[in-house]
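Trainee: So the sequences go chain by chain: A and B.
Our numbering numbers the first residue of the first sequence as 46 and each following residue consecutively.
Our numbering numbers the first residue of the second sequence as 434 and each following residue consecutively.
This structure is in structure tokens; I'll ask about it shortly.
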Amino acid sequence: MLKMMNRSQLLYIPLILLGLVFIIPFGIMIIGSLLNMTLPIGNPFTWVVHEKFSFANFGYIFKNAPYLKWIINSLIITIIPVFSNMFFSAILGYIFARKQFFGREVIFWIMMAVIMIPSQLLIIPRYIMFSDLGWINTYLPLIVPEIWGIMGVFFVRQYMMTMPKDLEEAAYIDGAGDFTVFFKVYLPLAKPVIATVGTFAFIGNWNDLLTPLIFTTSDEMYPVTVGLASLLTKEGNFGVEMAGSVLSFIPTFLIFIFFQRYFVKGITLTGIK
Amino acid sequence: MKRHWNKYALVYIFLVPILIHFSIFQLFPILFSFYLTFTNWPVIGEPEFIGLKNWLGLLHDPLAWKAIGNTIMFSIYYIVPTMAVGLILALLINSGKKGTGFFKAVFFLPVVTSFVVVSGIWAWIFKGTDDGFVNMLLHAIGIEPQLFLSDSDQALIVLAGLSIFKVCGSTMIYYYAGLQSMPHELYEAAKIDGAGPWKTFWKITFPLLLPIHFYVAIVTTIGSFQIFDSAFLLTSGGPSNSTITIVYYLYQEGFTSLRLGYASVLAYVLFFIIFVISLIQKKYMGKEVSYK
Chain A
46 MLKMMNRSQL LYIPLILLGL VFIIPFGIMI IGSLLNMTLP IGNPFTWVVH EKFSFANFGY
106 IFKNAPYLKW IINSLIITII PVFSNMFFSA ILGYIFARKQ FFGREVIFWI MMAVIMIPSQ
166 LLIIPRYIMF SDLGWINTYL PLIVPEIWGI MGVFFVRQYM MTMPKDLEEA AYIDGAGDFT
226 VFFKVYLPLA KPVIATVGTF AFIGNWNDLL TPLIFTTSDE MYPVTVGLAS LLTKEGNFGV
286 EMAGSVLSFI PTFLIFIFFQ RYFVKGITLT GIK
Chain B
434 MKRHWNKYAL VYIFLVPILI HFSIFQLFPI LFSFYLTFTN WPVIGEPEFI GLKNWLGLLH
494 DPLAWKAIGN TIMFSIYYIV PTMAVGLILA LLINSGKKGT GFFKAVFFLP VVTSFVVVSG
554 IWAWIFKGTD DGFVNMLLHA IGIEPQLFLS DSDQALIVLA GLSIFKVCGS TMIYYYAGLQ
614 SMPHELYEAA KIDGAGPWKT FWKITFPLLL PIHFYVAIVT TIGSFQIFDS AFLLTSGGPS
674 NSTITIVYYL YQEGFTSLRL GYASVLAYVL FFIIFVISLI QKKYMGKEVS YK
């Protein structure tokens, strides 16, 4: 058998084996969510044969936990930062790449240096600020600090710096102002990088655990990550846990499928080459 | 005046509000938490200035040293495997054969999935009883069941395994980007000189990837020192504190024990460690690399 394959086809053996390692956990999650059982017992490879599939676990979750509210919370604290990040990255990226003003480089590199500081350092002072402002257990601490991010600005700036100057010069000669140049010339051209910024913001905010864990205190205000984590500790029911995981996984998975090429693009855009 | 406004309108309208936002939510908290390290403040009431007490307390806190030690051990288990697996995956998908795009998506899937989801599955895969997934596999080949997450020697390794699984997809993409930009002529030359694939890899591909190794090493190291989610979700720092990491301990001190001043000290310790690592890596690994 092996002899019949040529060298390049042999490549598929490690690919498939490794692929299985990556796929099996997700397969377990999906199969587990459909099984009606407290704990998986016995050889998992026989589950499919012996157990009956049903959506009972999903029904159980929606009945016993405010799961829909968790998903809505996650959407609120994700969608707003996604769009504001795309907008601010675009306009600030343009300003830092294309506008001349006093202190431009200094301001930009101070902001970049701050990324070095681990976000965990910010959490305690922010907690004090937000509790003074009465923001704890509202959406505000999860949205307001996240409305823009320097990494997104960096991506767009890198992208726009490589664009030829002739582009804007023609527009300026025609009498266009900065707003027109930005909206009509640079914004359309920067669409791929802006989509990248959006996908990263989505994944980052949707999956964040530590921040909402600290800034939300009631069941009703949890985003899906914290809600699911509480479900995982409360339930001892494997099927229910996996059903919760599937529900939280679906939105990320859909975003991933639709915007997959932007993730790859985004990582290559970080300027490592 | 009008001309000036026209020229800088965008800067005033958009940059100024963002600078204010930056000052409130980034700069001020950084300075404020430094002040907090000198106070005792259980959130309610006024902060009490206690000088260096928190900092000195760190020296006599065995749990803090345990957390730092655990985090370093975690990095040892995590950094090199993450880089190696990422590189292997990148080499595999870089061959450009049919269907590699599909595998690229498969390997990247855990990166976009939340730790909470992956941890839920992992909890059962590495369950320390006979009905855990890996234990069932071990049983099938005649190996004793392992305790995994409930064993203080193994728990941290299992968490590292989870993080490698979760993150190596993005390492793969960094390497993939590097491999895609490799100069073709060198490979042609190597082929003419009769170098085999093994030799070509070690003599050409691996050294040419040096800038990527450097970048990935920094990103992975910084990430490893910030590990929290899996320690919180899977082990809650246990068994017998074997998975208490710096950030987990910070969370516990700050938000369970409400010792915000001391937790701020831990946050600064984390910052110093990351800062020093970045400096060292910059000094020793950031050497100029040329393709010529």
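Where is the CB? At the ideal position from N, CA and C, for every residue including glycine.
Ordered along the chain, which non-local residues of its own chain (more than five positions away) have a Cβ less than 8 Å from that of Y648 of chain B?
Mentor: A distance below 8 Å between beta-carbons, with the five flanking residues on each side excluded, links Y648 of chain B to the following residues of its chain, in chain order: Y607.
Trainee: Counting beta carbon pairs with one atom in the region 462-472 of chain B and one in the region 693-704 of chain B, are three or more of them shorter than 8 Å?
Mentor: Under the Cβ criterion (8 Å, minimum of three pairs), the region 693-704 of chain B counts as touching the region 462-472 of chain B.
Trainee: Give a yes or no on whether the C-beta atoms belonging to V544 of chain B and K599 of chain B are separated by under 8 Å.
Mentor: Note that the C-beta distance between V544 of chain B and K599 of chain B is below 8 Å.
Trainee: Spell out whether any CB of chain B is found under 8 Å from the CB atom of K144 of chain A.
Mentor: Interface residue, yes.
Trainee: Mapping DSSP to helix, strand and coil, what is T668 of chain B?
Mentor: helix
Trainee: State buried or exposed for L442 of chain B, treating a residue as buried only when at least 16 other CB atoms are found within 10 Å of its CB.
Mentor: Note that residue 442 of chain B is Ala in the sequence shown here, rather than Leu. Exposed is the call here.
Trainee: State yes or no: is the C-beta of S129 of chain A within less than 8 Å of the C-beta of I195 of chain A?
Mentor: Annotated as distal: S129 of chain A and I195 of chain A, with beta-carbon spacing of 8 Å or more.
Trainee: What number of angstroms, rounded off, separates the C-alpha of L60 of chain A from the C-alpha of V518 of chain B?
Mentor: Looking at the backbone, the Cα of L60 of chain A and that of V518 of chain B are separated by about 12 Å.
Trainee: Name the chain B residues whose beta carbon is nearer than 8 Å to that of R171 of chain A?
Mentor: F458 and P462
Trainee: Would you please verify whether the beta carbon of K725 of chain B is less than 8 Å from any beta carbon of chain A?
Mentor: With a pLDDT of 35 at K725 of chain B, under the threshold of 50, the predicted position of this residue should be treated as unreliable, and no value is reported.
Trainee: Going along chain A in order, which residues have a C-beta closer than 8 Å to the C-beta of I710 of chain B?
Mentor: Under the 8 Å cutoff, chain A gives no residues; its nearest Cβ is about 11 Å from I710 of chain B.
Trainee: Rounded to whole angstroms, how far is the Cβ of R101 of chain A from the Cβ of M206 of chain A, which I believe are closer than 8 Å?
Mentor: At residue 101 of chain A the sequence reads Ala, which differs from the Arg that was named. Going by Cβ atoms, the distance from A101 of chain A to M206 of chain A rounds to 56 Å, so no, they are not a contact pair.
Trainee: Residues of chain B with a CB under 9 Å from the CB of L137 of chain A: which are they?
Mentor: Those within 9 Å of L137 of chain A in chain B are F447, L448 and I451.
Trainee: Note down, in chain order, every chain D residue with its Cβ under 7 Å from the Cβ of W631 of chain B.
Mentor: Absent here is chain D; the protein component of the structure consists of chains A and B.
Trainee: Using a C-beta to C-beta distance shorter than 7 Å, which residues of chain B count as neighbours of D223 of chain A?
Mentor: Among the residues of chain B, those whose CB is under 7 Å from the CB of D223 of chain A are A442 and L443, following chain order.
Trainee: Taking the DSSP output, what are the residues bridged to E265 of chain A?
Mentor: The partner list for E265 of chain A (beta bridge, DSSP) is empty, contrary to what the question assumes.
Trainee: Does the Cβ-Cβ distance between G284 of chain A and N109 of chain A come in under 8 Å?
Mentor: no
Trainee: So who's on the other strand from L80 of chain A, going by DSSP bridges?
Mentor: A:F98
Trainee: Taking the alpha-carbon positions, what's the I116 of chain A to M74 of chain A distance?
Mentor: 19 Å
Trainee: Find the nearest neighbour of N527 of chain B within the set A:Y184, A:I68, A:N118 and A:L56, judged by alpha-carbon distance.
Mentor: A:L56
Trainee: Quick one: complete alpha helix (DSSP H) runs, 4+ long, within the region 469-512 of chain B?
Mentor: List check, alpha helix (DSSP H) in window: 486-492.
Trainee: For the region 663-674 of chain B, which residues have a CB atom closer than 8 Å to at least one CB atom of chain A, in sequence order?
Mentor: F665 and L666
Trainee: Does the beta carbon of S134 of chain A come closer than 8 Å to any beta carbon on chain B?
Mentor: no
Trainee: What does V242 of chain A touch in chain B if you count any residue whose Cβ is under 8 Å from its own?
Mentor: Chain-ordered listing is empty here: chain B has no CB closer than 8 Å to the CB of V242 of chain A, the nearest sitting near 15 Å.
Trainee: Tell me the DSSP secondary structure of G220 of chain A in three-state form.
Mentor: coil
Trainee: With a 10 Å radius around its C-beta and 16 neighbouring C-beta atoms as the bar for buried, classify N503 of chain B as buried or exposed.
Mentor: Buried, by the Cβ-count rule.
Trainee: Give every residue of the same chain whose Cβ lies closer than 8 Å to the Cβ of V549 of chain B, excluding the five residues on either side of it in the sequence, and list them in chain order.
Mentor: Non-local C-beta neighbours of V549 of chain B in its own chain, meaning closer than 8 Å and more than five positions away in sequence, comprise D662 and L666, ordered along the chain.
Trainee: Shortest alpha-carbon distance to T653 of chain B belongs to which of B:V449, B:G687 and B:S603?
Mentor: For the residues B:V449, B:G687 and B:S603, the minimum Cα distance to T653 of chain B belongs to B:S603.
Trainee: Helix, strand or coil for S456 of chain B per DSSP?
Mentor: helix
Trainee: Run the CB neighbour count on N439 of chain B, radius 10 Å, all protein chains shown included, and call it buried at 16 or more, exposed below.
Mentor: Per the 10 Å Cβ criterion, exposed.
Trainee: Going by other Cβ atoms of all chains shown within 10 Å of its Cβ, with 16 needed for buried, is W635 of chain B buried or exposed?
Mentor: exposed
Trainee: Using 10 angstroms around the beta-carbon of P237 of chain A, count the other beta-carbons present and answer buried if the total reaches 16, otherwise exposed.
Mentor: Taking every protein chain shown into account, the CB of P237 of chain A has fewer than 16 other CB atoms within 10 angstroms, so this residue is exposed.
Trainee: When the Cβ atoms of the region 209-223 of chain A are set against those of the region 150-163 of chain A, are three or more pairs found closer than 8 Å?
Mentor: no
Trainee: So, at 6 Å on beta carbons, what are the nonlocal neighbours of P480 of chain B in its own chain, with the 5 sequence-adjacent residues on each side left out?
Mentor: T472 and W474
Trainee: Within 8 Å of any Cβ in chain A, is that where the Cβ of G726 of chain B sits?
Mentor: The structure shown has nothing for residue 726 of chain B, since chain B only spans 434 to 725.
Trainee: S134 of chain A lies in the alpha helix (DSSP H); which residues open and close that run?
Mentor: Y112 to R143
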